[in-house]
Amino acid sequence: MSAISKVNTEPPAGTGQVGSTAAGTGQAGSNAAGTGGVGVPVLEVRGLTVTFRTEDGPLSAVDRVDFEVADQEVLAVVGESGCGKSVTAMSLAGLLPRTASVDGSVRLDGRELVGADKKTLRSIRGREIAYIFQEPMTSLNPVFTVGNQIGEVLRIHNGLSRSTARKRSVELLKLVGIPSAERRIDDYPHQLSGGMRQRVMIAMAVACDPKVLIADEPTTALDVTIQAGILDVLRGLRERLGTSIVLITHDLGVVADLADRVAVMYAGRVVETANVNELFAQPKHPYTAGLLAASPSAGRHAGTHRLNEIPGLVPVLAEQPNACTFADRCSRARDTCTTEQPLLTAEGTPNHHVACWNPVREPVEV
Amino acid sequence: MAVADVTVSAGTPLSSRRRKVVRRLLRNPLAITGLVVLGIAVFAALFAPWLAPHEPTDTHLSQAFAAPGTPGYVLGTDDLGRDVLSRIMFGLRASLHVGMLAVATSLAIGVPLGLMAGYFRTIDALISRFTDLVLAFPFLILAVGLAAIRGASLGNAAIAIGIAQIPGVIRIVRSETLRLKSLDFVSAAIVEGAGDLWVIGRHILPNAASVIIVQATVAIPAAILGEAVLSFLGLGIQPPAPSLGTMLADAQQFAAKAPWAAVMPGVAIMLIALAFNIVGDSLRDALDPKASRR
């Protein structure tokens, strides 16, 4: 891929805290392995609950979600459509509409974001937490050149002059692997392809070197070949700028490719968190196991095999019973599953948490 | 006006972007036609005292109802023997004045209110009810009231027309703001840490500029005709001073005998309206970055 080589060969874009690539990766790896209270997480989410006021009464799209993201870690939040992963991401950036009420705690470097006033939020947004949208076609302002828009962030936060901002914008475009950045900078969004636009979005997001990057399905709207390039860019950013990434996705391939750790969401709750390798090797929640079994793999499903599926439908969010929300569809459900909500507890290794009364313990063949 | 704002805030190398817009405008033959017509109108209005063959109020009773082409009266005369061409040239002054002032008034008040109504949901209801109020208030009563307070004059007529046009501007800008606000690039600006004013000024207003321009080009001819209504009632320009609208209205009585007295100012109004529309459309296209693909 030309993108990754670009990222790795460009000189550091004046960020100062770029360690050597190898050290960066090593650190990320050890963090991911040892996030059991070791080291202070950059982003700490505790009991995050998002409730929408609707005509049919309150509806909790996100129900007491806990997770944390360590420095330089890529946490993937996985789940099917409507499980609350995008709402979780939006609540981290404070992007939810007024009809939503957010409870619980989101701490960025120890600073509380839930209920923070507008001024605090404005100073944090862009500079410490940044966001990449799913749809690159609408996330750039059509009337300004891309250089102008990247420069916007720098001018808001760093008070850079137009010419300095422009110079830095070229560096950022190179960082995200846009060829002939000096010329591309004067292009309008409609002159760029979807993949290029998404790269521009990423350049805008990392312009101020944020600590945490929230990527809400960054590759969903793109071709598979373009996807790989974008994932390379994200990986490069983590290694070169030391950015932590919260990756929202429903694509297990993307998770396997990029993530260090995974949080699986189902019907507004986190049902399992684990290191990526452990999760794929030994899923403990029946839902995770079902999800993995349902994804096609070349060897197993070639030819006659029908894809495994999880029976039933996702429950309506308004009815969050005091029970396991997956119980109705679960083949391992017991009586307790319908009367009491399971909480995340360590299972097996200290980093592997699962919210299940009857977790899968036997090795799963995936 | 909004147009100027867009150009100022948009380009990275400022002058080059503005030059590009001008170049694009001048490459369009239709735009040139519109600009030429407007240029002639403005020129004729500005230099009317020197260019007009007669005083616009001088009566030549012996020459009453002279047909167009009569020596000395190229476009004919009206019932009092006043030269139609001279009256059109002076009438343009009044009409252009009213058109610009009215639209400037409605944009100056309507655009900010529309932006606020669309962007800040909390004051939306307040502004929208104000819009309904102005809409419900009869335009003529408003003009009469204003004339009673400030005296009947062209300026006051223009302001009354401008006020009557505010609701339309508010509604158009508000709905455009609502649409733009839901787009991702606005959310993206917010998560970048941009403040409300920044988002409105940089992301919403420039993207709403095209609908504002179109609204303005439609509103100018409407204001010119509105002035005729007010002048007819004695609330605008005072006779015998001419405006295109009053000429049109006065000529109705003898339209069968001297149709040119009504047709000529009518054609002038039509040409101006058309020219404004064409220039507005071309300007909107020239400001659209996507047009450069052609």
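Protein sequence lines, in the order shown, are assigned to chains A and B. To convert a position in the first sequence, counted from 1, into this note's numbering, add 14. To convert a position in the second sequence, counted from 1, into this note's numbering, add 861. For each residue, glycine too, the CB sits at the ideal point set by N, CA and C.
Relative to the C-alpha of residue i, which candidate in the options has its C-alpha closest?
| i | options | result |
| --- | --- | --- |
| leucine 327(A) | Asn336(A), Ala341(A), Leu321(A) | Ala341(A) |
| glycine 1054(B) | Gly362(A), Glu82(A), Leu109(A) | Leu109(A) |
| serine 967(B) | Ala1021(B), Ala1134(B), Ala986(B) | Ala1021(B) |
| threonine 113(A) | Val285(A), Ala84(A), Ser105(A) | Ser105(A) |
| leucine 261(A) | Val214(A), Ala369(A), Pro232(A), Cys222(A) | Pro232(A) |
| leucine 293(A) | Ala277(A), Ala308(A), Met215(A) | Ala277(A) |
| aspartate 271(A) | Val284(A), Asp246(A), Arg254(A) | Asp246(A) |
| alanine 969(B) | Asp1142(B), Phe951(B), Ala1077(B) | Ala1077(B) |
| alanine 997(B) | Pro973(B), Pro1028(B), Asp985(B) | Pro1028(B) |
| phenylalanine 1046(B) | Leu255(A), Ala195(A), Pro156(A) | Pro156(A) |
According to the neighbour-count rule (16 or more other Cβ atoms, all chains shown, within 10 Å of its Cβ), is residue i buried or exposed?
| i | result |
| --- | --- |
| glycine 173(A) | exposed |
| glycine 61(A) | exposed |
| glutamate 376(A) | exposed |
| asparagine 336(A) | exposed |
| threonine 49(A) | Caution is warranted here: a pLDDT of 42 is assigned to threonine 49(A), below 50, making its placement in the model unreliable, and no coordinate value can be reported. |
| lysine 298(A) | buried |
| aspartate 237(A) | exposed |
| isoleucine 1002(B) | exposed |
| proline 373(A) | buried |
| alanine 36(A) | Model confidence at alanine 36(A) stands at a pLDDT of 39, short of 50, so the residue's coordinates are unreliable; what they give is reported in the following sentence. Alanine 36(A) should be labelled exposed. |
| alanine 46(A) | The predicted position of alanine 46(A) is uncertain, since its pLDDT is 36 and thus under 50; a value taken from the coordinates is nonetheless stated next. Buried, because 16 or more other Cβ atoms sit within 10 Å of the Cβ of alanine 46(A). |
| tryptophan 371(A) | buried |
| lysine 225(A) | buried |
| arginine 880(B) | exposed |
| glycine 40(A) | Low confidence applies here, because glycine 40(A) scores a pLDDT of 37, under 50, leaving its location unreliable; read the following figure in that light. Exposed, by the Cβ-count rule. |
| glycine 51(A) | With a pLDDT of 42 at glycine 51(A), under the threshold of 50, the predicted position of this residue should be treated as unreliable, though the coordinate-derived value follows. Glycine 51(A) comes out exposed. |
| alanine 219(A) | buried |
| phenylalanine 904(B) | exposed |
| valine 368(A) | buried |
| leucine 1057(B) | Residue 1057(B) is actually aspartate in this sequence, not leucine. Exposed, because fewer than 16 other Cβ atoms sit within 10 Å of the Cβ of aspartate 1057(B). |
| alanine 27(A) | Here alanine 27(A) scores only 41 on pLDDT, less than 50, and its place in the model should not be relied on; the value that follows carries that caveat. Buried is the call here. |
| threonine 23(A) | Residue confidence is low: threonine 23(A) scores 39 on pLDDT, short of 50, so the model does not pin down where it sits. No coordinate-derived value is stated. |
| proline 150(A) | buried |
Assuming residue i is part of the alpha helix (DSSP H), what are its boundary residues?
| i | result |
| --- | --- |
| valine 226(A) | Note, valine 226(A): premise wrong, no alpha helix (DSSP H); beta strand (DSSP E) at 226-230. |
| leucine 996(B) | 982-997 |
| arginine 1040(B) | 1015-1042 |
| glutamate 166(A) | 160-171 |
| phenylalanine 1137(B) | 1121-1148 |
| leucine 187(A) | 176-189 |
| valine 1047(B) | 1045-1052 |
| valine 898(B) | 890-907 |
| serine 137(A) | 132-138 |
| aspartate 237(A) | Segment: none, aspartate 237(A) is in no alpha helix (DSSP H) and carries neither H nor E. |
| proline 1103(B) | Taken as a continuous stretch (DSSP letters only), proline 1103(B) belongs to no alpha helix (DSSP H), as it is neither H nor E. |
Find out if the Cβ-Cβ distance for the pair residue i, residue j is shorter than 8 angstroms.
| i | j | result |
| --- | --- | --- |
| alanine 229(A) | isoleucine 192(A) | no |
| proline 914(B) | aspartate 939(B) | no |
| isoleucine 240(A) | glycine 209(A) | yes |
| leucine 1105(B) | isoleucine 901(B) | no |
| isoleucine 170(A) | serine 183(A) | no |
| valine 160(A) | valine 101(A) | no |
| glycine 140(A) | valine 167(A) | yes |
| alanine 1019(B) | alanine 1004(B) | no |
| alanine 1069(B) | leucine 1041(B) | yes |
| threonine 263(A) | valine 285(A) | no |
| threonine 918(B) | proline 1082(B) | no |
| glutamine 148(A) | threonine 257(A) | no |
| glycine 942(B) | serine 923(B) | yes |
| glutamate 82(A) | valine 59(A) | yes |
| valine 79(A) | arginine 283(A) | yes |
| valine 1183(B) | glycine 971(B) | The requested residue 1183(B) is not part of the displayed model; chain B covers only 862 to 1155. |
| alanine 965(B) | phenylalanine 1000(B) | no |
Residue range of the beta strand (DSSP E) that residue i falls in?
| i | result |
| --- | --- |
| valine 88(A) | 88-92 |
| leucine 122(A) | 114-122 |
| arginine 283(A) | 283-289 |
| serine 153(A) | Neither: serine 153(A) is in no beta strand (DSSP E) and is coded neither H nor E. |
| isoleucine 1065(B) | Looking at the DSSP string, isoleucine 1065(B) is not in any beta strand (DSSP E), and its letter there is neither H nor E. |
| aspartate 77(A) | 71-83 |
| threonine 65(A) | 57-68 |
| glutamate 361(A) | 359-361 |
Query raised in the report: Taking any Cβ of chain B, which residues in the segment 206-237 of chain A have a Cβ under 9 angstroms from it, in chain order?
Result: Met215, Met218, Ala219, Ala221, Cys222, Ile228
Query raised in the report: Which residues, in chain order, does the segment 1030-1047 of chain B contribute to contact with chain A at a C-beta distance below 7 angstroms?
Result: Leu1044, Asp1045, Phe1046
Query raised in the report: In the segment 962-989 of chain B, which residues sit with their C-beta less than 8 angstroms from some C-beta in chain A, listed in chain order?
Result: Arg982
Report task. Using a Cβ-Cβ cut-off of less than 9 angstroms, list which residues of the segment 149-163 of chain A approach chain B; keep chain order. Result -> Glu149, Pro150, Met151, Thr152, Ser153, Leu154, Asn155, Pro156, Val157, Phe158, Thr159, Gly161, Asn162, Gln163
Query - Contact residues within the segment 185-196 of chain A, judged by C-beta distance below 9 angstroms to chain B - result: none
Report task. Give the residues from the segment 121-133 of chain A that approach chain B closer than 8 angstroms (Cβ to any Cβ), ordered along the chain. Result -> none
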